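*Asks:*
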Amino acid sequence: MKNRLQDISFRVSRYFRPLERWHCGGLESGNECLLGPNKLGLCGRIADCEPVKDGKAWRCTRSEKEGGRCSAGPDPQGACGNQRPPCTPTLSFHRSRAHYARLAMAGALAVALAFVAFDFWRSTISAGPLSKHHASFGEQSCDSCHSVAEAAKAGWVANIAADHNQADSGQCLMCHVVGNDPTAPHSLAAAQLAPLQQAAALKSSASGATLPAISKAVFGAPDTLVCADCHFEHKGSDSDLVDVSNQQCAVCHQNSFSSLSAHAQFDNYPSVRRTAIIFDHNSHLQKHFETEKVADRAPAGCQTCHALDSDGKDVEVVGFENACQACHGEQVVGTNRASGKGLPMLSVPGLDVDTLAERGVAIGEWPDLSEADVTPLMLMLIGANNAEFAQQLQRVRELDLFDLSDASDDDLRLIYHMAWEIKRFYFNLQRQGASAIVKLLSGNDGEQNQQLQAMIGLLSPAEVDSFVAAAFPNLQAETETWLRESKPSLTLIPRAAPNPPPEVAAAPSGGASEEFSIDDLSEEFSIDDEGDEFSIDDEGDEFSIDDEGDAFSIDDEGDAFSIDDDEGGAFSIDDDDGADPFADDDDEASALHADDAPAANNVIEIVEMRPREDRVSAGGWYGEDFYLYYRPSGHADALIKSWTEFMLARSKQAGAIEQQWLKSFSSADNPGSCFKCHSIEKQPQQAESMMVNWNAVQSSGKKAVGFHRFSHQAHFNVRNTGVFDDTFGQGSCAGCHALDSEADSAASYQQMQATVFQSNFSSLDKDTCISCHAADESLQTCTQCHNYHVGERGFAEVSQGLDAMIGRDETSVENE
Amino acid sequence: MDAGQKSFPGRRRRNTLLTLILGAVIAFTLVLADISFRSTSEWSGWMLVVGCLFLYLYSIRKRWSTLPVGRVAHWLQFHLYLSALVLLLFLFHLDWQLPSGWLGVSLAIVFAGTLISGMLGIYWSRVVPGLLTRLGDEVIYQRIPGIARKLNTQADALIMKSVEETDSVALAEYYENTAHRYFGAPKFQWWRLINSHESQHKSERELETLSRYMRPEEIAFADELRDLIRQKNLLNAHHTLQGLLKNWLLTHVTFSIAVLPLLILHIVVVFGFAAL
Chain A
1 MKNRLQDISF
11 RVSRYFRPLE
21 RWHCGGLESG
31 NECLLGPNKL
41 GLCGRIADCE
51 PVKDGKAWRC
61 TRSEKEGGRC
71 SAGPDPQGAC
81 GNQRPPCTPT
91 LSFHRSRAHY
101 ARLAMAGALA
111 VALAFVAFDF
121 WRSTISAGPL
131 SKHHASFGEQ
141 SCDSCHSVAE
151 AAKAGWVANI
161 AADHNQADSG
171 QCLMCHVVGN
181 DPTAPHSLAA
191 AQLAPLQQAA
201 ALKSSASGAT
211 LPAISKAVFG
221 APDTLVCADC
231 HFEHKGSDSD
241 LVDVSNQQCA
251 VCHQNSFSSL
261 SAHAQFDNYP
271 SVRRTAIIFD
281 HNSHLQKHFE
291 TEKVADRAPA
301 GCQTCHALDS
311 DGKDVEVVGF
321 ENACQACHGE
331 QVVGTNRASG
341 KGLPMLSVPG
351 LDVDTLAERG
361 VAIGEWPDLS
371 EADVTPLMLM
381 LIGANNAEFA
391 QQLQRVRELD
401 LFDLSDASDD
411 DLRLIYHMAW
421 EIKRFYFNLQ
431 RQGASAIVKL
441 LSGNDGEQNQ
451 QLQAMIGLLS
461 PAEVDSFVAA
471 AFPNLQAETE
481 TWLRESKPSL
491 TLIPRAAPNP
501 PPEVAAAPSG
511 GASEEFSIDD
521 LSEEFSIDDE
531 GDEFSIDDEG
541 DEFSIDDEGD
551 AFSIDDEGDA
561 FSIDDDEGGA
571 FSIDDDDGAD
581 PFADDDDEAS
591 ALHADDAPAA
601 NNVIEIVEMR
611 PREDRVSAGG
621 WYGEDFYLYY
631 RPSGHADALI
641 KSWTEFMLAR
651 SKQAGAIEQQ
661 WLKSFSSADN
671 PGSCFKCHSI
681 EKQPQQAESM
691 MVNWNAVQSS
701 GKKAVGFHRF
711 SHQAHFNVRN
721 TGVFDDTFGQ
731 GSCAGCHALD
741 SEADSAASYQ
751 QMQATVFQSN
761 FSSLDKDTCI
771 SCHAADESLQ
781 TCTQCHNYHV
791 GERGFAEVSQ
801 GLDAMIGRDE
811 TSVENE
Chain B
1 MDAGQKSFPG
11 RRRRNTLLTL
21 ILGAVIAFTL
31 VLADISFRST
41 SEWSGWMLVV
51 GCLFLYLYSI
61 RKRWSTLPVG
71 RVAHWLQFHL
81 YLSALVLLLF
91 LFHLDWQLPS
101 GWLGVSLAIV
111 FAGTLISGML
121 GIYWSRVVPG
131 LLTRLGDEVI
141 YQRIPGIARK
151 LNTQADALIM
161 KSVEETDSVA
171 LAEYYENTAH
181 RYFGAPKFQW
191 WRLINSHESQ
201 HKSERELETL
211 SRYMRPEEIA
221 FADELRDLIR
231 QKNLLNAHHT
241 LQGLLKNWLL
251 THVTFSIAVL
261 PLLILHIVVV
271 FGFAAL
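The listed protein sequences correspond, in order, to chains A and B. Just so we're aligned, residue 1 is where the first sequence starts under this note's numbering, counting upward by one. Just so we're aligned, residue 1 is where the second sequence starts under this note's numbering, counting upward by one.
(1) What does the alpha-carbon distance come out to for the pair residue 533/A and residue 673/A?
(2) Does the region 466 to 478 of chain A come within contact of the region 356 to 376 of chain A, defined as at least 3 CB pairs closer than 8 Å?
(3) Between the region 108 to 116 of chain B and the region 253 to 264 of chain B, do at least 3 Cβ pairs fall closer than 8 Å?
(4) Kindly give me the distance between the Cβ atoms of residue 81/A and residue 74/A, rounded to whole angstroms, as I take these residues to be in contact under 8 Å.
(5) Could you check whether the region 258 to 268 of chain A touches the region 765 to 780 of chain A, counting it as contact only if at least three pairs of C-beta atoms, one from each stretch, sit closer than 8 Å?
(6) If you reduce the DSSP assignment to three classes, tell me which class residue 42/A lands in.
(7) Given that a residue counts as buried once 16 or more other Cβ atoms are within 10 Å of its Cβ, and exposed if not, what is residue 210/A?
(8) Along the beta strand (DSSP E) that carries residue 345/A, what are the first and last residues, could you check?
(9) On the DSSP bridge list, what partners appear for residue 317/A?
(10) Residue 234/A touches chain B at which residues, Cβ-Cβ below 9 Å?
(11) Pick from 230/B, 87/B, 48/B: whose alpha carbon is nearest that of residue 201/B?
(12) Candidates 711/A, 749/A, 377/A, 715/A: which alpha carbon is nearest residue 678/A's?
(13) Can residue 43/B and residue 30/B be called in contact, C-beta distance under 8 Å?
(14) Within the same chain, show all residues whose beta-carbon is closer than 6 Å to that of residue 86/A, passing over the 5 residues directly before and after it, in chain order.
(15) Runs of 4 residues minimum, wholly inside the region 607 to 653 of chain A: which ones carry the alpha helix (DSSP H) assignment?
(16) When burial is assigned at 16 or more other CB atoms within 10 Å of the CB, is residue 113/A buried or exposed?
(17) State the DSSP-derived secondary structure class of residue 95/B, mapped to helix, strand or coil.
(18) Using only alpha-carbon positions, find the residue among 100/B, 45/B, 68/B that is nearest to residue 271/B.
(19) In chain order, what residues of the same chain have a beta carbon less than 8 Å from the beta carbon of residue 154/B, not counting five sequence neighbours either side?
(20) Helix or strand or just coil, what does DSSP make of residue 90/A?
(21) Hey, out of 134/A, 50/A, 92/A, 64/A, whose CA is closest to residue 37/A's CA?
(22) Kindly say whether residue 9/B, judged by its beta-carbon, lies nearer than 8 Å to any beta-carbon of chain A.
(23) Determine the burial state of residue 269/B: buried for a count of at least 16 other Cβ atoms within 10 Å of its Cβ, exposed for fewer.
(24) Using only the alpha-carbon positions, how far apart do residue 420/A and residue 195/A sit?
(25) Could you spell out where the beta strand (DSSP E) holding residue 795/A opens and where it closes?
(26) Could you name the residues of chain A that residue 149/B contacts, counting a contact when the two beta carbons are closer than 8 Å?
(27) Would you tell me roughly how many angstroms separate the C-alpha atoms of residue 345/A and residue 453/A, rounded to the nearest one?
(28) Between 772/A, 743/A, 378/A, 395/A, which lies nearest to residue 274/A when the distance is taken from Cα to Cα?
(29) Relative to the alpha-carbon of residue 348/A, which residue among 377/A, 330/A, 637/A, 329/A has its alpha-carbon at the smallest distance?
(30) Is there a C-beta anywhere in chain A that falls below 8 Å from the one on residue 265/B?
(31) Please report the distance separating the alpha-carbon of residue 92/B from that of residue 19/B.
(32) What does residue 142/B touch in chain A if you count any residue whose Cβ is under 9 Å from its own?
(33) CB residue 620/A to CB residue 458/A, shorter than 8 Å?
(34) I'd like the list of long-range same chain contacts for residue 766/A, defined as Cβ closer than 7 Å, with 5 residues on each side in sequence excluded.
(35) For chain B, check one thing: does any of its Cβ atoms lie closer than 8 Å to the Cβ of residue 219/A?
(36) Closest Cβ-Cβ distance between residue 311/A and chain B: below 8 Å?
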């Protein structure tokens, strides 16, 4: 090398101080001065040296590095002869770095302040785009989830000190319903979780998960979890909000495993309870359609009765109308039922009026022809306002109301009060209509109770009037008198010897002018009410009522009323004047006398009189045989459903009357046959309450979910052609759901525990799942088949403002 | 070297091993914590904050060299290996995904810039000194512009002299048309990082080719010009390599300082909004 770039020998090279703040402006041109700028960054010197006075002369002091003494030398005044032009000092590199660092700090600070200072701060501080599920909130709606979002920004700093481990998930739960206890494991309270843990402990303890075991040993399983522990928002529209790893599941579970093959064998899966609808697949698929008569109605496949729900997850029953109506529709309305097509709701029970009269039990007029039982509802209604009386009424069911000769005095008093309360009930029913029942059942708020209104709504005043008039012609006068006399107490006549017969006690409503006589020996019965004669003489099978006064008359000797069963069943009714017990007022056209038959040359077809129960074939109330019946209008009859729900709701605190009513009402043999298919069961967690499964699947916006998740639609796609196969072949439904022909599923409904059952189908085999899922690790995640949150799921009722903000309506909620 | 002191490779192995062990412990702990639903983002975040504070302390330690808190060299080692752990925590904190959100992305970019510039700095501080040594000459970085100007002036003067004394313009035309670009302000030549001498070889080839058309008396001037070009190439190499050593630190410090305001805002926002 001939030349060096820089001679750095101390005699030649100037000493350079890189850490100095300022450098000479001539540095870049290679012409820097010796001393350089001062500390203020000003050019310090513009001469090569500072001459010194040596005696009388000035002497140059330029260093050898600068070339030694200059030839010009100092001037006479001592100024350096080599004056340089001043420069502009530059900041040293070292100081430039600090300068840039400050600039960077200022720039970053400005950016940070800009992020929070302007109106778009919500966008800038956002942790990222929301998932598609929450995207409709928009980036400007932080306060939808973050309660501090709109608070003063100083509040953010103060909130740092908050306890974040107990971060409040309340904002999430304002919209989301995730079980009863959302932050508890599986949203279950400890009491609910404990039996599951015990059951799990009994299963195999195969463990292939080492990390979760260590994690559990080090950190322990979490007692509670807040939403943000598992659900990570602001990860983009395609992010998975429920991305929980298998290991995270395993950290709590006693039996952890690392692959599906180690999973415990399924136990009666997917049946976790008996079906809500009482349905025997075996009998329907193998027995009921064997006869040629109904062979054409036989289901062609699963699809005949089942269909995918809207989201393709579940296979639901297509509904009564589509699946059951063809065979069971007539059963519901009782078309082919021989008798008893209506449910006996109210009644005027038959009483041993002779004994009552004998014992001085003055109950006024009472239809001695009634053979009706006192219905439980009747007892419930008349005892509704008096708990003590209601308690006493429970004895009524034990009495033989048709023979009270052996009844005790207390029983007779009870019958006395019961009879008058029944009259008062019908009195009120006539005057106030159906609301009288509603009030009895629910107090003064009854009229507001829509359920009760629906129960009673179809009971027409005309039907009530007709029914009451037949049973109690003078109900109004009797009841008013009884009430005016403030429910006179009963003074019983001591039980007499068989002879002579006791005197007949006058009914309170009868007054002094009323006579009442019973001649048991002659079997004659007569009532003379100031000119009105009423006589019954059944000697010789004759029956006569003569009421020629102002009341009514029935004379079966003439053309008014005659029944002659012995003469070939001729039957005629004339109700022009009287009140027929069976109230055939609306059948004028059909009530033709045989004597009024038209001439032979003008034949008029006499329409057959059909029983009253048949005349309300479309459903409704009707009175017959001193009963007020209700005949179901068809499937899903609102009244029957409402009554049932009402009684079930009362069943928890109900007494014997309600229990009996419910028992008789819910009999599968009852008209309507509701409970032949709709199972009744004890409510989970409320063992004393019962519920009716009106639907095959309880579906609503808040859907209760279990631990399992399964999409039938997705599995059709892989198992077959992507459609709901309507055959019973192994490639379709039966490929997974094998019918267990030996199972007696019907026996499961003989008790009220829904989880004690025998399914029509064999449990799914784990290997069936493994055959496909083992092919891909991603198909073996816990959350692929299991839900974490169990119980009620869906969306809470939220304010309309929030709904509007996120553009959600009820339809979308249901879809979600 | 004292008996108790390890050699540089020995120290590096020991420190690397310790860092790997510590990193594995941290990673394993975070994985375990994540399995148990602990907030690993919060844990890793606070560990990052603590790590960053210690990284910043190194800068303070350098400025206050009189503080009796250990040798700067040890602090540098600590700074380097802690940076590796901070990088691990940073990735855990991001959940091994790209960040999102303006603030998050800004902070991540600045933080990543700090880490990357630091890692490059480590690499260059190991490699560049060797390259500089191989150059065989020394020059103060700040004087490079002045020396470049001086070389330029010398080249101009040489060519003028050549024309005057040889009465030939071959060398002058070459200088005017081609060689002039070798001079001027110092240039950043990235290939210097791979110890390439292509620029020098290229000028050599050009002068070799040109020499066939030169008069004999011009050859001497050409040799002088070749030496000036070589010096300028050498100067460019110094400019590039020394510039790297100085500017990576400038970049690193700039990024690291810019992290602070964004980091504080990030903490405020995250914890301010954490409680839903």
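Note that the Cβ used here is the ideal one computed from N, Cα and C, for glycine as well. Small disclaimer: the values here were computed from a predicted structure and weren't measured.
*Replies:* For this structure:
(1) Indexing the first sequence from 1 puts residue 533/A at position 533. Indexing the first sequence from 1 puts residue 673/A at position 673. Low per-residue confidence applies at residue 533/A: pLDDT is 42, beneath 50, and the placement is therefore not dependable, though the value from the model is reported in the following sentence. Going from the Cα of residue 533/A to the Cα of residue 673/A covers about 47 Å.
(2) Yes, the region 466 to 478 of chain A is in contact with the region 356 to 376 of chain A.
(3) yes
(4) Position 81 of the first sequence, counting from 1, holds the residue named residue 81/A. Position 74 of the first sequence, counting from 1, holds the residue named residue 74/A. A Cβ-Cβ distance of about 6 Å is found for the pair residue 81/A and residue 74/A, placing them in contact under the 8 Å criterion.
(5) yes
(6) Against the first sequence, residue 42/A aligns to sequence position 42. Coil, per DSSP.
(7) For the purposes of this step, residue 210/A is taken as the residue at position 210 of the first sequence. Only exposed fits residue 210/A, as fewer than 16 other CB atoms lie within 10 angstroms of its CB.
(8) On the first sequence, position 345 is the one that residue 345/A refers to. From DSSP, the beta strand (DSSP E) with residue 345/A extends over 343 to 347.
(9) Reading the first sequence from its first residue, position 317 is the one you call residue 317/A. Looking at the DSSP assignment, residue 317/A forms a beta bridge with 306/A.
(10) In the first sequence, the residue the question calls residue 234/A occupies position 234. Neighbours of residue 234/A on chain B, chain order: 100, 101, 104.
(11) One-based indexing of the second sequence puts residue 201/B at position 201. It is 230/B.
(12) Position 678 of the first sequence, counting from 1, holds the residue named residue 678/A. The candidate whose alpha carbon is nearest that of residue 678/A is 749/A.
(13) Taking the second sequence and counting its residues from 1, the one referred to as residue 43/B is at position 43. Taking the second sequence and counting its residues from 1, the one referred to as residue 30/B is at position 30. In this structure, residue 30/B lies closer than 8 Å to residue 43/B by Cβ.
(14) Along the first sequence, read from residue 1 onward, the residue named residue 86/A stands at position 86. Closer than 6 Å at Cβ, skipping near neighbours: 43, 46.
(15) 612 to 615, 638 to 651
(16) On the first sequence, residue 113/A is found 113 positions in, with the first residue counted as 1. With fewer than 16 Cβ atoms within 10 Å of its Cβ, residue 113/A is classed as exposed.
(17) Walking along the second sequence from the start, residue 95/B turns up at place 95. Coil.
(18) Numbered from 1 along the second sequence, position 271 holds the residue referred to as residue 271/B. Taking only the C-alpha atoms, the option nearest residue 271/B is 45/B.
(19) Residue mapping note: residue 154/B aligns to position 154 of the second sequence, counting from 1. Correct list, in chain order: 228.
(20) Residue 90/A sits at position 90 when you count from the first residue of the first sequence. Strand, per DSSP.
(21) For the purposes of this step, residue 37/A is taken as the residue at position 37 of the first sequence. Cα-wise, what sits closest to residue 37/A is 92/A.
(22) Working through the second sequence from its first residue, we reach residue 9/B at position 9. Closer than 8 Å: no.
(23) Within the second sequence, numbered from 1, the residue matching residue 269/B stands at position 269. Per the 10 Å Cβ criterion, buried.
(24) For the purposes of this step, residue 420/A is identified with residue 420 of the first sequence, where counting begins at 1. For the purposes of this step, residue 195/A is identified with residue 195 of the first sequence, where counting begins at 1. Their Cα atoms are separated by approximately 54 Å.
(25) Sequence index remark: in the first sequence, residue 795/A carries index 795 (1-based). Where residue 795/A is concerned, the enclosing beta strand (DSSP E) stretches over 791 to 795.
(26) The residue you call residue 149/B lines up with position 149 of the second sequence. Within 8 Å of the CB of residue 149/B, the CB atoms of chain A belong to 28, 29, 30, in sequence order along the chain.
(27) Position 345 of the first sequence, counted from the start, is the residue given in the question as residue 345/A. Position 453 of the first sequence, counted from the start, is the residue given in the question as residue 453/A. When rounded, the distance between both Cα atoms is 16 Å.
(28) Residue mapping note: residue 274/A aligns to position 274 of the first sequence, counting from 1. When each option's Cα is compared against that of residue 274/A, the closest is 743/A.
(29) Position 348 of the first sequence, counted from the start, is the residue given in the question as residue 348/A. The candidate whose alpha carbon is nearest that of residue 348/A is 377/A.
(30) One-based indexing of the second sequence puts residue 265/B at position 265. It does; some Cβ of chain A falls within 8 Å.
(31) Residue numbering aside, residue 92/B sits at position 92 when the second sequence is read from its first letter. Residue numbering aside, residue 19/B sits at position 19 when the second sequence is read from its first letter. Rounded to whole angstroms, residue 92/B to residue 19/B spans 16 Å at the Cα level.
(32) On the second sequence, residue 142/B is found 142 positions in, with the first residue counted as 1. Going along chain A in sequence order, the residues near residue 142/B (Cβ under 9 Å) are 16, 18, 23, 27, 28, 92, 93.
(33) Walking along the first sequence from the start, residue 620/A turns up at place 620. Walking along the first sequence from the start, residue 458/A turns up at place 458. It is a contact, given that the beta carbons lie within the stated cut-off.
(34) Sequence index remark: in the first sequence, residue 766/A carries index 766 (1-based). Excluding positions up to five away in sequence, the list reads 263, 265, 266.
(35) Here residue 219/A refers to the residue found at position 219 when the first sequence is read from its first residue. Residue 219/A counts as touching chain B.
(36) By 1-based counting over the first sequence, the position of residue 311/A is 311. Taking Cβ atoms only, chain B never reaches closer than 8 Å to residue 311/A, which makes this a no.
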